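Count along the sequence shown from 1, then add 7; that gives the number in my numbering. A virtual CB, placed ideally from N, CA and C, is assigned to each residue, including glycine. No experiment lies behind these values; they were computed from the predicted model shown.
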Amino acid sequence: MEVFLSSAREEVGEKSRKWAAIQRLPTGHRLRRGILTEENGEAKEVDIQRLDEQQLKNLLDKLLNQDEDNEKFLMKLKDRFDRVGIEFPKIEVRMEGLNVDTEAYIGSRALPTLYHFTINFFEGLLNSCHIIKGKKKPFSILHDVSGIIKPGRMTLLLGPPGSGKTTFLLAMAGRLSSDLKLSGRITYNGHGMDEFIPQRTSAYISQHDEHIGEMTVRETLAFSARCQGVGPRYEMLAELSRREKEANIKPDSDIDIFLKILGLDICADIMVGDEMRRGISGGQRKRVTVGEMLVGPARALFMDEISTGLDSSTTFQIVNSIRQAIHILEGTTVISLLQPAPETYELFEDIILLTDGQVVYQGPRENALEFFESVGFKCPERKAEADFLQEVTSRKDQEQYWANKDIPYAYVTVEEFADAFKSFHIGQKLGDKLAIPFDKGRSHPSALTTTKYGVGKKELLKACISRELLLMKRSSAYYTFKMLQLIFMALLMMSLYVRTKKHRNTTMGGQIVMGALFFTMSTIMFNGFAELALTIAKLPVFYKHRDLLFFPPWSYALPTWILKIPITIVEVAIWVAMTYYVVGFEENFTRFLKQFFLLLFINQMASGLFRFIAALGRNMIVANTFGSFGLLLVITLGGFVLSKNEIKKWWEWGYWVSPMMYGQNAMAVNEFLGKSWKRALPNTTEPLGLVVLKSHGLFQEEYWFWIGVGASIGFIFLFNFLFTLALTYLNPFGKPQAVIPEEKPVEKHSDGKENPPVISEENLVENHCDKKEKDIELSHNEKTSSGRSERGAHIQRSVSSESTLAARSRRNEFNRNKKQGMVLPFEPLSITFDNISYAVDTPQEMKSEGVTENRLTLLKGLSGAFRPGVLTALMGVSGAGKSTLMDVLAGRKTGGYIEGSIMISGYPKKQETFARIAGYCEQNDIHSPHITVYESLFFSAWLRLAPEVDMTTKKVP
Numbered sequence: 008m009e010v011f012l013s014s015a016r017e018e019v020g021e022k023s024r025k026w027a028a029i030q031r032l033p034t035g036h037r038l039r040r041g042i043l044t045e046e047n048g049e050a051k052e053v054d055i056q057r058l059d060e061q062q063l064k065n066l067l068d069k070l071l072n073q074d075e076d077n078e079k080f081l082m083k084l085k086d087r088f089d090r091v092g093i094e095f096p097k098i099e100v101r102m103e104g105l106n107v108d109t110e111a112y113i114g115s116r117a118l119p120t121l122y123h124f125t126i127n128f129f130e131g132l133l134n135s136c137h138i139i140k141g142k143k144k145p146f147s148i149l150h151d152v153s154g155i156i157k158p159g160r161m162t163l164l165l166g167p168p169g170s171g172k173t174t175f176l177l178a179m180a181g182r183l184s185s186d187l188k189l190s191g192r193i194t195y196n197g198h199g200m201d202e203f204i205p206q207r208t209s210a211y212i213s214q215h216d217e218h219i220g221e222m223t224v225r226e227t228l229a230f231s232a233r234c235q236g237v238g239p240r241y242e243m244l245a246e247l248s249r250r251e252k253e254a255n256i257k258p259d260s261d262i263d264i265f266l267k268i269l270g271l272d273i274c275a276d277i278m279v280g281d282e283m284r285r286g287i288s289g290g291q292r293k294r295v296t297v298g299e300m301l302v303g304p305a306r307a308l309f310m311d312e313i314s315t316g317l318d319s320s321t322t323f324q325i326v327n328s329i330r331q332a333i334h335i336l337e338g339t340t341v342i343s344l345l346q347p348a349p350e351t352y353e354l355f356e357d358i359i360l361l362t363d364g365q366v367v368y369q370g371p372r373e374n375a376l377e378f379f380e381s382v383g384f385k386c387p388e389r390k391a392e393a394d395f396l397q398e399v400t401s402r403k404d405q406e407q408y409w410a411n412k413d414i415p416y417a418y419v420t421v422e423e424f425a426d427a428f429k430s431f432h433i434g435q436k437l438g439d440k441l442a443i444p445f446d447k448g449r450s451h452p453s454a455l456t457t458t459k460y461g462v463g464k465k466e467l468l469k470a471c472i473s474r475e476l477l478l479m480k481r482s483s484a485y486y487t488f489k490m491l492q493l494i495f496m497a498l499l500m501m502s503l504y505v506r507t508k509k510h511r512n513t514t515m516g517g518q519i520v521m522g523a524l525f526f527t528m529s530t531i532m533f534n535g536f537a538e539l540a541l542t543i544a545k546l547p548v549f550y551k552h553r554d555l556l557f558f559p560p561w562s563y564a565l566p567t568w569i570l571k572i573p574i575t576i577v578e579v580a581i582w583v584a585m586t587y588y589v590v591g592f593e594e595n596f597t598r599f600l601k602q603f604f605l606l607l608f609i610n611q612m613a614s615g616l617f618r619f620i621a622a623l624g625r626n627m628i629v630a631n632t633f634g635s636f637g638l639l640l641v642i643t644l645g646g647f648v649l650s651k652n653e654i655k656k657w658w659e660w661g662y663w664v665s666p667m668m669y670g671q672n673a674m675a676v677n678e679f680l681g682k683s684w685k686r687a688l689p690n691t692t693e694p695l696g697l698v699v700l701k702s703h704g705l706f707q708e709e710y711w712f713w714i715g716v717g718a719s720i721g722f723i724f725l726f727n728f729l730f731t732l733a734l735t736y737l738n739p740f741g742k743p744q745a746v747i748p749e750e751k752p753v754e755k756h757s758d759g760k761e762n763p764p765v766i767s768e769e770n771l772v773e774n775h776c777d778k779k780e781k782d783i784e785l786s787h788n789e790k791t792s793s794g795r796s797e798r799g800a801h802i803q804r805s806v807s808s809e810s811t812l813a814a815r816s817r818r819n820e821f822n823r824n825k826k827q828g829m830v831l832p833f834e835p836l837s838i839t840f841d842n843i844s845y846a847v848d849t850p851q852e853m854k855s856e857g858v859t860e861n862r863l864t865l866l867k868g869l870s871g872a873f874r875p876g877v878l879t880a881l882m883g884v885s886g887a888g889k890s891t892l893m894d895v896l897a898g899r900k901t902g903g904y905i906e907g908s909i910m911i912s913g914y915p916k917k918q919e920t921f922a923r924i925a926g927y928c929e930q931n932d933i934h935s936p937h938i939t940v941y942e943s944l945f946f947s948a949w950l951r952l953a954p955e956v957d958m959t960t961k962k963v964p
């Protein structure tokens with residue numbers, strides 16, 4: 008026993024001596040050293056920057072094991088800072104009188120037709136010059152929004168779709184579009200948005216999942232953390248280390264190493280537990296979107312619909328983890344959820360209910376139901392509170408929650424709810440707090456960020472370079488195909504222009520060689536066209552990172568250009584090596600090298616041109632249109648299709664600005680001024696090469712080769728510079744603006760008098776009922792107001808229940824008797840499936856990690872039945888295989904291995920006929936963006952009609 012105690016004392020003493028040695032180091036070195044306990048219990052001094060992956064994994068497993076949850080780990084971190092008196096930065100966000108307005112066209116004027124686009128363009132141009140008044144009408148998105156978002160409390164933003172939640176979160180994060188007019192005041196710790204960088208102080212997490220598909224989850228989060236940096240965490244860590252040294256406090260060694268890893272900006276290597284390839288489920292993509300911003304140093308988080316695509320259990324886990332971090336580290340957060348589960352709803356302390364752009368309620372969750380009960384609405388016992396709050400302001404759902412059955416219900420508008428909240432005691436307290444300005448002296452020095460980017464520009468450039476290299480490696484199949492395509496074109500050229508040197512005694516032979524040079528130029532130019540699609544595919548992610556201030560646009564543009572040069576060298580080398588001597592160009596090695604370098608610059612110029620067109624078009628259709636037109640223009644004015652002498656004077660500017668003109672002249676001069684073209688034609692003393700050059704209107708001086716090289720290099724820099732400018736100043740094409748429904752105009756007589764509206768039987772009954780209700784209401788209001796609640800007469804409208812209910816019953820009876828439209832007969836069908844299995848070939852990446860199976864099974868022996876008239880819910884956690892099962896049953900899987908049987912009403916399923924009787928609504932919303940909802944449904948209905956239905960019947964509404 009004494010032996011074991013002695014050994015333990017020796018280990019403790021050795022660990023203390025190592026710690027004392029670290030404490031004697033300078034602060035900069037001390038922050039990079041730590042003591043790591045190995046699996047065998049040995050304490051080892053390590054350099055944090057040089058920990059390998061296994062050591063990082065062991066550290067994480069030790070800190071975040073099943074016996075010690077995330078909350079306890081965060082408490083350890085907080086306790087270490089509390090012991091030396093260091094406070095975490097806190098941010099209190101206030102909004103006072105916030106209004107967000109825009110302008111929108113009325114009715115069909117907003118449809119994106121060619122006529123409307125042209126009219127709107129010129130109208131906007133004249134309106135900006137104050138010549139005419141525009142036809143747009145003002146449209147309010149947020150109206151008079153005021154409130155306080157406190158640190159250390161979870162705030163839930165509720166509201167039906169279209170209520171302005173996204174606009175509210177964007178305004179809080181300083182990310183509003185310039186097209187929107189913002190008025191009012193938003194402050195962080197009393198500081199206006201112009202006094203700091205809101206995009207770095209806060210983080211807006213979008214409801215749209217935009218990521219680069221070729222990168223793994225780990226790489227995506229690592230790049231995000233590398234660009235965002237650690238913010239004030241490094242300074243806090245340095246101060247923590249200094250105070251602990253002064254107070255002679257020895258921290259937990261594992262926590263110490265973990266903190267230093269965070270401070271040295273390599274935390275992304277250990278914050279993701281596993282790597283996920285392309286093909287992850289929608290719920291997993293949503294988690295990556297959330298994690299991309301959580302790895303940064305932002306202290307205020309604004310999360311927009313983060314539960315989209317997630318099951319309730321996963322949503323609860325994510326929100327609970329955020330809640331623990333917010334409570335312990337005292338962060339600020341607002342999370343927008345559409346339909347939170349009751350257990351998720353109870354994780355929040357504060358509620359903001361937004362409807363039609365107005366705040367209906369903001370305050371503690373416990374007082375939300377109390378407010379609505381005070382205005383006459385009560386949540387049923389078994390009804391989820393979150394669902395009640397979103398439905399109680401809706402016109403179609405509000406009536407069912409009316410609590411006072413003695414007083415007939417009348418719709419309460421959003422404006423009336425907002426006014427009632429101001430007189431509610433929670434609203435009054437909120438107003439009193441807003442009246443007292445925030446004491447800026449209480450703001451932590453590190454709470455607000457004033458630097459534009461998280462790390463130095465050199466580090467950002469390194470991060471973008473490493474990511475571009477990774478993407479090029481992942482796209483090796485694309486570059487391999489490009490080279491095979493180039494080899495095929497080289498073989499084609501070799502077969503067309505083989506041994507042209509035997510034709511060098513006539514001008515016709517010179518024309519053949521000139522054609523070979525033009526073919527070479529055109530192929531190299533078209534080879535750069537692929538950059539257009541490649542650039543557009545990455546633009547959505549770039550715009551997201553640019554707006555989040557991950558990096559400056561130039562640090563993205565430079566690697567995209569520079570790192571492609573080696574590939575261009577290989578491609579051009581393959582082309583020149585295969586074609587130069589086989590075709591029979593000038594047999595001179597110097598001219599061989601000159602053609603190689605000229606084609607290299609032309610290829611780079613073409614790539615830069617199409618990258619610029621992609622950034623300018625920002626859309627595949629637009630960019631392809633401009634790219635094809637630009638390529639056609641460059642080739643036409645390049646000096647081969649039309650010689651300089653044939654181009655009209657008003658198009659000469661196009662000849663001089665065409666990059667291909669300089670390349671064509673340089674290629675021709677390099678070839679036709681060679682020794683083999685020095686011979687003169689019969690009856691002339693002029694060399695054959697000069698005759699060919701003159702016939703095409705090309706220049707005959709040798710120095711034009713170097714002019715062509717210099718011009719190509721100049722165009723390379725010009726197009727890449729314009730590409731950078733386009734990335735910097737152009738924004739992605741936004742979604743169509745809101746459309747104000749068109750009101751039907753009142754018809755007038757020729758004498759100017761209004762025509763009476765056409766009154767149908769339905770309108771007659773409804774108008775009679777409405778008039779009777781209003782008359783009864785007015786009469787009763789004049790007599791008594793004793794039935795009203797304390798909140799005032801403008802919300803609860805007391806009416807005589809007997810007369811009003813009688814009038815409403817007549818209306819309901821009339822509605823029941825109305826025609827309900829045509830009922831299309833159909834035969835009820837049942838679907839049964841037995842022992843359904845679905846498997847795919849095991850990815851090579853999984854095999855490299857030790858997986859031995861040749862097939863990866865996604866569905867394992869599933870059986871079930873769907874009966875007509877029974878609504879069946881398919882449930883499961885994210886990634887359980889719900890979409891896969893639906894795809895298999897609907898016949899949408901085109902790959903993989905499917906086993907089992909699917910029966911339709913007892914008959915084996917045939918996909919050809921099953922597709923005519925089945926409808927499959929996928930989770931991805933794919934629609935044509937340029938047609939209305941009515942046109943989309945109308946077209947879909949047409950496709951489902953029998954072929955014998957004539958056009959007249961199809962157009963019946």
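Who does residue i pair with in a DSSP beta bridge?
{"i": "residue 910", "result": "839 and 915"}
{"i": "residue 694", "result": "687"}
{"i": "residue 371", "result": "357"}
{"i": "residue 311", "result": "343"}
{"i": "residue 146", "result": "109"}
{"i": "residue 351", "result": "Beta-bridge pairing links residue 351 to no other residue."}
{"i": "residue 873", "result": "838"}
{"i": "residue 194", "result": "101 and 199"}
{"i": "residue 209", "result": "307"}
Which residues in the same chain as residue i place their Cβ atom closer than 7 Å to its Cβ, once the five residues preceding and following it in sequence are excluded?
{"i": "residue 888", "result": "865 and 866"}
{"i": "residue 656", "result": "none"}
{"i": "residue 918", "result": "898"}
{"i": "residue 278", "result": "Its pLDDT being 35, under 50, residue 278 is placed unreliably in this model, and the value from its coordinates should be taken loosely. 228 and 302."}
{"i": "residue 634", "result": "536, 539, 617 and 620"}
Are any of the Cβ atoms in chain C nearer than 9 Å to that of residue i?
{"i": "residue 626", "result": "Within the model displayed, chain C is absent; a lone protein chain is all it includes."}
Which residue comes first and which comes last in the alpha helix (DSSP H) that contains residue i?
{"i": "residue 401", "result": "Segment: none, residue 401 is in no alpha helix (DSSP H) and carries neither H nor E."}
{"i": "residue 123", "result": "121-135"}
{"i": "residue 473", "result": "464-481"}
{"i": "residue 330", "result": "319-336"}
Assuming residue i and residue j form a contact by the criterion Cβ under 8 Å, report the distance between their Cβ atoms to the nearest whole angstrom.
{"i": "residue 904", "j": "residue 948", "result": "Rounded, the Cβ-Cβ distance is 36 Å, inconsistent with contact."}
{"i": "residue 152", "j": "residue 366", "result": "5 Å"}
{"i": "residue 545", "j": "residue 614", "result": "Their Cβ separation, rounded to whole angstroms, is 15 Å, which puts residue 545 and residue 614 out of contact at 8 Å."}
{"i": "residue 212", "j": "residue 102", "result": "Not confirmed; about 19 Å, so no contact."}
{"i": "residue 630", "j": "residue 714", "result": "The Cβ separation is near 31 Å, so there is no contact."}
Residues in the same chain with beta-carbon distance under 6 Å from residue i, minus the five sequence neighbours each way, listed in chain order, please.
{"i": "residue 815", "result": "Confidence in residue 815 is poor, its pLDDT being 43 and thus under 50, which makes the residue's placement unreliable; the coordinate value appears in the next sentence. Once the five neighbours on either side are set aside, residue 815 has no close Cβ partner at all."}
{"i": "residue 462", "result": "236"}
{"i": "residue 718", "result": "669"}
Excluding the five sequence neighbours on either side, which residues of its own chain have a C-beta within less than 8 Å of the C-beta of residue i, listed in chain order?
{"i": "residue 842", "result": "868, 869, 870, 906, 907 and 908"}
Using a threshold of 9 Å, state whether the C-beta atoms of residue i and residue j are closer than that.
{"i": "residue 699", "j": "residue 521", "result": "yes"}
{"i": "residue 708", "j": "residue 477", "result": "no"}
{"i": "residue 163", "j": "residue 347", "result": "yes"}
{"i": "residue 165", "j": "residue 107", "result": "no"}
What residue does the beta strand (DSSP E) around residue i start on, and which one ends it?
{"i": "residue 627", "result": "Not the beta strand (DSSP E): residue 627 falls in the alpha helix (DSSP H), residues 627-643."}
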